[in-house]
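K.L.:
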Amino acid sequence: MDSIMDIRNLNLWYGDHKVLHDISVSLPKNQITALIGPSGCGKSTFLKTLNRMNDLVEGVKITGDVLYNGEDIYDPKLDVTWLRKHIGMVFQKPNPFPMSIYDNIAYGPRVHGITSKVKLDAIVEKSLKDAAIWTEVKDRLNKPALGLSGGQQQRICIARALAVEPDILLMDESTSALDPISTSKIEELALELKKKYTVIMVTHNMQQAVRISDYCAFFLLGDLIEFNKTEDMFSMPKDKRTEDYITGRSG
Amino acid sequence: MKNHSTGKNRSTRKELIEKGINGIFFLCGLVSVGFVLAISIHLVISGLPAIREIGLVDFLFGAKWLPTATTTEPAFGILPFIMTSIYGTAGAVILGVPLGILTAIFIAKVAPPAMASVMHTAVELLAGIPSVVYGLVGMIVLVPGIQRMFDLSSGATLLAAIVVLSIMILPLIINVSETALRAVPREYEEASLALGATELETFFKVSLPAARSGVAAAVVLGVGRAIGEAMAIIMVSGNVANMPSLLGSVRFMTTAIASEMSYAAAGSLQHQALFSIGLVLFLFIMMINVSLNVFVKGRREND
Ligand SMILES: Nc1ncnc2c1ncn2[C@@H]1O[C@H](COP(=O)(O)OP(=O)(O)OP(=O)(O)O)[C@@H](O)[C@H]1O
Ligand SMILES: [Mg+2]
């Protein structure tokens with residue numbers, strides 16, 4: 003397995019509250035990794051350390067190393083915008099900007115300096131196609147993105163993240179607010195995306211983890227209890243606590 | 060036997076109280092509507108005669124205001140006042156709006172919480188300063204400064220009035236834009252940052268556009284405040300009925316009314332014409348309010 007991110011002895015505090023305990027794990031490239039665990043165990047926090055969105059939280063303290071292709075992302079000399087361009091994120095709640103669909107998708111590329119209309123048009127079309135929403139919106143690119151359904155908005159957000167051509171896509175319970183049809187569309191999409199991207203997703207849905215993830219990480223109270231191939235973890239969990247959680251006996 | 064009030068009884072009593080209170084609210088509402096109506100009607104009634112006598116075109120587009128001329132024919136053209144009010148307001152907006160919006164972004168988004176709250180309080184204090192004090196400070200500091208800087212015989216100019224007005228509308232613009240900026244959902248900004256935008260790019264490309272209707276409302280309120288102000292600018296603008304020029308003494312619609320009302324003979328055409336100026340000013344402000352309503356409505360529809 004080729005790893006794209008290596009996390010070593012990661013600890014994280016919010017103020018005095020220690021949320022992540024000595025996490026070490028390597029996340030595989032071009033695979034879907036699912037992060038599972040009960041509410042409050044630190045999945046979102048862990049995910050946000052990977053693109054440094056935790057920097058925005060007041061009073062956060064982090065020790066240990068997070069390497070992206072061997073490069074320490076918490077190196078003070080590292081350009082955070084560069085990092086976030088390469089490690090995109092889709093949030094739990096769809097959050098398109100209050101702008102047109104087109105401007106939403108073109109936002110990232112414009113920020114990164116692309117001004118040519120021809121190029122932008124091409125990026126917008128490609129990203130919307132990659133996010134499996136092109137046919138639904140191609141005739142109303144200039145309409146506000148907030149006028150779409152929740153599931154469509156979430157795919158717009160995925161397209162927006164893809165438009166800056168990231169390496170890795172972080173998804174934090176990105177289907178939890180959606181109906182089954184939109185959910186399965188996004189799941190298919192994730193399977194499609196892993197050909198080109200690495201996907202790391204938080205999910206509360208065990209079936210979803212089984213359906214689409216290749217690897218699975220189980221968190222409990224800030225500890226990484228188990229990390230393994232999904233099929234192995236779900237057929238023969240190594241830790242009793244993992245077994246209890248995935249069989250629904252705890253959490 | 061005790062006399063229990065029945066459920067039915069109670070509910071009718073409650074209904075009565077309810078109705079009574081509603082009636083009081085209605086009356087209160089009527090009072091303010093009544094005042095607005097009374098003032099509007101009075102303005103129209105007292106403003107029209109002079110316009111009829113002078114002629115609408117001569118009144119609005121006449122460039123000479125010589126209400127008490129004796130050797131020549133008196134002239135009642137208020138174009139200088141209208142233009143001065145428009146130039147002064149535009150100038151205040153050009154200076155005050157960018158400054159106000161940048162300050163609002165700083166307070167709402169950039170400044171650390173402690174500094175933001177200090178600045179917020181300072182801005183509120185600025186809003187509470189009476190306009191006559193703005194005028195006084197302008198007269199003592201600004202007017203001599205402009206006189207020296209441009210080597211004029213008097214520093215009481217349109218420029219001085221614009222500077223005073225722009226400072227006066229600043230707190231309004233800052234407060235209203237700040238509120239609008241704070242109301243921008245954090246998720247929008249996070250999405251932008253997660254795409255690799257810097258904080259500044261995020262504020263200007265996401266937060267500000269998302270708050271645009273609120274910011275537009277702030278600008279319109281600022282315009283309304285500037286065009287209606289009299290006290291502060293009467294003291295720094297020289298109060299001469301010239302066509303406006305940046306370094307010349309000027310008289311606004313408001314200051315014309317305020318300064319001449321004291322000596323215009325009651326019932327004279329001059330006296331009546333001052334009411335007509337009031338009517339014109341009133342129409343300007345009505346137009347501004349209508350556009351404000353359009354903005355606010357547009358904002359509801361966008362959300
Ligand atoms: N900004 C914050 N400031 C302080 N504490 C926080 C902050 N965000 C999260 N926490 C705390 O950190 C712990 C982990 O939270 P986190 O959001 O990572 O959990 P999670 O596993 O994603 O839970 P869920 O499944 O409910 O989303 C929780 O105890 C939470 O209260
Ligand atoms: Mg979470």
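Top line first, the protein sequences correspond to chains A and B.
Take the first sequence: its letters are residues 3 to 253, numbered as in my numbering.
Take the second sequence: its letters are residues 60 to 362, numbered as in my numbering.
For each residue, glycine too, the CB sits at the ideal point set by N, CA and C.
Examine chain A for any beta-carbon lying closer than 8 angstroms to the beta-carbon of residue 256/B, and answer yes or no.
P.N.:
Counting from one through the second sequence, the residue named residue 256/B turns up at place 197. It does; some Cβ of chain A falls within 8 angstroms.
K.L.:
Tell me, which residues are paired with residue 203/A by DSSP?
P.N.:
Sequence index remark: in the first sequence, residue 203/A carries index 201 (1-based). Its beta-bridge partners are 36/A, 173/A.
K.L.:
I want to verify the contact list: residues of chain B whose CB lies under 8 angstroms from the CB of residue 110/A, in sequence order.
P.N.:
Walking along the first sequence from the start, residue 110/A turns up at place 108. 254, 255, 256, listed in chain order.
K.L.:
Closer than 8 angstroms between beta carbons: that is the criterion. Which residues of the region 169-181 of chain B meet it against chain A?
P.N.:
Per Cβ criterion, the list is empty.
K.L.:
Taking the continuous beta strand (DSSP E) assigned at residue 60/A, which residues delimit it?
P.N.:
Taking the first residue of the first sequence as position 1, residue 60/A is located at position 58. Note, residue 60/A: premise wrong, no beta strand (DSSP E); not H, not E.
K.L.:
Quick check on residue 78/A - is its C-beta less than 8 angstroms from some C-beta in chain B?
P.N.:
Against the first sequence, residue 78/A aligns to sequence position 76. So, not an interface residue.
K.L.:
In its own chain, which residues sit with a C-beta less than 7 angstroms from the C-beta of residue 145/A, not counting the 5 before and 5 after it?
P.N.:
Sequence index remark: in the first sequence, residue 145/A carries index 143 (1-based). Closer than 7 angstroms at the Cβ level, and outside the excluded window around residue 145/A, lie 102, 103.
K.L.:
Compare the C-beta of residue 13/A against all C-beta atoms of chain B and say whether one is closer than 8 angstroms.
P.N.:
Mapped onto the first sequence, residue 13/A falls at position 11. Not an interface residue.
K.L.:
What does a CB cutoff of less than 8 angstroms around residue 362/B pick up in its chain, not counting 5 residues either side in sequence?
P.N.:
Numbered from its first residue, the second sequence carries residue 362/B at position 303. The pLDDT assigned to residue 362/B is 48, lower than 50, so where the model puts this residue is not dependable, and the model offers no usable value.
K.L.:
I need the DSSP call for residue 350/B, collapsed to helix, strand or coil.
P.N.:
In the second sequence, the residue the question calls residue 350/B occupies position 291. Of the three classes helix, strand and coil, the one that applies to residue 350/B here is helix, per DSSP.
K.L.:
Cα separation between residue 253/A and residue 47/A?
P.N.:
Working through the first sequence from its first residue, we reach residue 253/A at position 251. Working through the first sequence from its first residue, we reach residue 47/A at position 45. For residue 253/A, the predicted structure reports a pLDDT of 48, less than 50, and the residue's modelled location is therefore unreliable. A value from the coordinates is still provided. Computed Cα separation, rounded: 18 angstroms.
K.L.:
Using a Cβ-based criterion (distance less than 7 angstroms to any ligand heavy atom), does residue 23/A qualify as near ligand 4?
P.N.:
Ligands present in the displayed structure are limited to ligand 1 and ligand 2, and ligand 4 is not among them.
K.L.:
Pick out whichever of 211/A, 222/A, 24/A, 250/A has its Cα sitting closest to the Cα of residue 260/A.
P.N.:
Nothing can be reported for residue 260/A, as the shown portion of chain A is limited to 3 through 253.
K.L.:
Compile a chain-ordered list of the residues in the region 36-66 of chain A whose CB is closer than 8 angstroms to at least one CB of chain B.
P.N.:
Flagged, chain order: 53, 55, 58.
K.L.:
Taking Cβ-Cβ distances shorter than 9 angstroms, what residues in chain B pair up with residue 90/A?
P.N.:
On the first sequence, residue 90/A is found 88 positions in, with the first residue counted as 1. Neighbours of residue 90/A on chain B, chain order: 253, 254, 255.
K.L.:
Considering only heavy atoms of ligand 1 and the C-beta of each residue, which residues fall inside 5 angstroms, strictly closer?
P.N.:
Output, sorted by chain position: 16/A, 21/A, 41/A, 42/A, 43/A, 44/A, 45/A, 46/A, 47/A, 59/A.
K.L.:
By how many angstroms is the C-alpha of residue 250/B removed from the C-alpha of residue 139/A?
P.N.:
The residue labelled residue 139/A in the question sits at position 137 within the first sequence. The residue labelled residue 250/B in the question sits at position 191 within the second sequence. Straight-line Cα distance between these residues: approximately 21 angstroms.
K.L.:
Tell me where the alpha helix (DSSP H) around residue 174/B begins and ends.
P.N.:
For this step, residue 174/B is matched to residue 115 along the second sequence. Residue 174/B -> alpha helix (DSSP H) spans 172-187.
K.L.:
Around the C-beta of residue 173/B, are 16 or more other C-beta atoms found within 10 angstroms, so that it is buried, or is it exposed?
P.N.:
Along the second sequence, read from residue 1 onward, the residue named residue 173/B stands at position 114. Flag for residue 173/B reads exposed.
K.L.:
May I ask you to report which of helix, strand or coil DSSP gives residue 219/A?
P.N.:
The residue given as residue 219/A occupies position 217 in the first sequence. Three-state result, residue 219/A: strand.
K.L.:
Could you please give the first and the last residue of the uninterrupted alpha helix (DSSP H) stretch that includes residue 167/A?
P.N.:
By 1-based counting over the first sequence, the position of residue 167/A is 165. Unbroken run through residue 167/A: none, as it is neither H nor E.
K.L.:
How close, in whole Å, do the beta carbons of residue 159/B and residue 291/B come, if the pair is a contact with beta carbons under 8 angstroms?
P.N.:
Sequence index remark: in the second sequence, residue 159/B carries index 100 (1-based). Sequence index remark: in the second sequence, residue 291/B carries index 232 (1-based). In fact, because the Cβ distance is near 17 angstroms, the residues do not count as touching under 8 angstroms.
K.L.:
Are there 16 or more other CB atoms within 10 angstroms of the CB of residue 71/A, so buried, or fewer, so exposed?
P.N.:
For the purposes of this step, residue 71/A is identified with residue 69 of the first sequence, where counting begins at 1. The residue in question, residue 71/A, is exposed, as its Cβ has fewer than 16 Cβ neighbours within 10 Å.
K.L.:
What do you reckon, are the CB atoms on residue 286/B and residue 148/B nearer than 8 angstroms?
P.N.:
Within the second sequence, the letter at position 227 stands for residue 286/B. Within the second sequence, the letter at position 89 stands for residue 148/B. Contact: yes.
K.L.:
Got a sec: which bits of the region 256-281 of chain B sit with their beta carbon under 8 angstroms from any beta carbon on chain A, in order along the chain?
P.N.:
For the region 256-281 of chain B, which is checked against every Cβ of chain A, the residues closer than 8 angstroms are 256, 257, 260, 264, 265, 268, 269.
K.L.:
Can you tell me whether residue 157/B is buried or exposed, with buried defined as 16 or more other CB within 10 angstroms of its CB?
P.N.:
If you number the second sequence from 1, residue 157/B lands on position 98. Residue 157/B comes out exposed.
K.L.:
Indicate the three-state DSSP secondary structure (helix, strand or coil) for residue 304/B in the structure shown.
P.N.:
Start at 1 with the first residue of the second sequence, and residue 304/B comes out as number 245. In this structure, residue 304/B counts as coil in the three-state DSSP scheme.
K.L.:
In whole angstroms, what separates the C-alpha of residue 220/A from that of residue 25/A?
P.N.:
Within the first sequence, residue 220/A is the residue found at index 218, counting from 1. Within the first sequence, residue 25/A is the residue found at index 23, counting from 1. Approximately 11 angstroms between the Cα atoms of the pair.
K.L.:
Report back the beta-carbon spacing between residue 306/B and residue 216/B to the nearest angstrom; my notes put them in contact at under 8 angstroms.
P.N.:
For the purposes of this step, residue 306/B is taken as the residue at position 247 of the second sequence. For the purposes of this step, residue 216/B is taken as the residue at position 157 of the second sequence. Contact holds; Cβ gap of about 5 angstroms.
K.L.:
Confirm the yes/no value for this check: CB of residue 175/A, any heavy atom of ligand 2, distance under 7 angstroms.
P.N.:
Residue 175/A sits at position 173 when you count from the first residue of the first sequence. Yes, ligand 2 has a heavy atom inside 7 angstroms of this Cβ.
K.L.:
With a cut-off of 8 angstroms, does the C-beta of residue 404/B fall near any C-beta of chain A?
P.N.:
Residue coverage of chain B in this structure runs from 60 to 362, which leaves residue 404/B outside it and unanswerable.
K.L.:
Between residue 106/B and the rest of its own chain, which residues show a CB-CB distance below 7 angstroms, the 5 nearest in sequence each way excluded?
P.N.:
Within the second sequence, numbered from 1, the residue matching residue 106/B stands at position 47. The residues are 334, 335, 337, 338.
K.L.:
Can you tell which of 177/A, 59/A, 187/A has the C-alpha that lies nearest to the C-alpha of residue 204/A?
P.N.:
As a position in the first sequence, residue 204/A is number 202, starting the count at 1. For the residues 177/A, 59/A, 187/A, the minimum Cα distance to residue 204/A belongs to 177/A.
K.L.:
Under 7 angstroms: does the beta carbon of residue 92/A sit that close to some heavy atom of ligand 2?
P.N.:
Residue mapping note: residue 92/A aligns to position 90 of the first sequence, counting from 1. Flag unset: Cβ of residue 92/A not near ligand 2.
K.L.:
Taking the alpha-carbon of residue 255/B as reference, which of 21/A, 163/A, 229/A, 22/A has the nearest alpha-carbon?
P.N.:
Translated into positions along the second sequence, residue 255/B becomes position 196. Measuring from the Cα of residue 255/B, the nearest candidate turns out to be 163/A.
K.L.:
Give me the Cβ distance between residue 283/B and residue 348/B, rounded to the nearest whole Å; I'm assuming they're in contact under 8 angstroms.
P.N.:
Locating residue 283/B in the second sequence gives position 224, where the first residue counts as 1. Locating residue 348/B in the second sequence gives position 289, where the first residue counts as 1. Their Cβ separation, rounded to whole angstroms, is 7 angstroms, which keeps residue 283/B and residue 348/B in contact under 8 angstroms.
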